[in-house]
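Below is one structure, written out as structure tokens; the observations come after it.
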Amino acid sequence: MGFMTTTAKLIAVTIDCAEPKKLAEFYSQVTGFPVQYAEEEYAGIGDGATSIYFQRVPDRKAPSWPGPDKQFHLDFRVPDVAKAVEEYIALGATKPEFQPGDWVVLADPEGHLFCVCPERS
């Protein structure tokens, strides 16, 4: 006999980084979410329902790609992948050589990986 588990609503993700304010500004440009809070130790962006926070961890090391040390990545759906990739690179992202699929893997200015995905057909 099972029991009902309390259903939780995801409200935020927190990402460790060296420069929270800088990374919040980068992802604000990518997502369109306004910067809600920006201090040296902690910053955040959000749309009122979902937030991404950035917490200062000075000695954090970026994961290798491809590699086993990646702990997470964010996926973003866009109407034009090539255009978005060009814009995100202009904002400071980099494009690793290894690309596994119909989407594009980028690394943000601190090396966190994220995918730029096409619209579903």
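Letter 7 of the sequence shown, counting from 1, is numbered 7 in the UniProt record's numbering, and no numbers are missing.
For every residue, glycine included, the Cβ atom is placed at its ideal position computed from N, Cα and C.
For Thr-5, there is no enclosing alpha helix (DSSP H), as DSSP marks it with neither H nor E. The continuous beta strand (DSSP E) containing Phe-114 extends over residues 113-118. Looking at the backbone, the Cα of Lys-61 and that of Phe-54 are separated by about 15 Å. Between the alpha carbons of Cys-117 and Arg-56 lies a gap of roughly 28 Å. Within the UniProt domain "Glyoxalase-like" (13-117), the complete beta strand (DSSP E) segments at least 3 residues long are 35-38, 42-46, 51-56, 74-78, 104-107, listed from N- to C-terminus.
Apart from sequence neighbours up to five positions away, the residues of its chain that approach Leu-106 with a beta-carbon distance below 8 Å are Val-85, Tyr-88, Ile-89, Ala-93, Thr-94, Lys-95, Pro-96, Leu-113, Phe-114, Cys-115, Val-116, ordered along the chain. Remark: C-beta atoms of Val-13 and Ile-52 approach each other more closely than 8 Å. Out of Pro-109, Lys-21, Gly-111, Trp-103, the CA that lies nearest to the CA of Val-78 is found in Trp-103.
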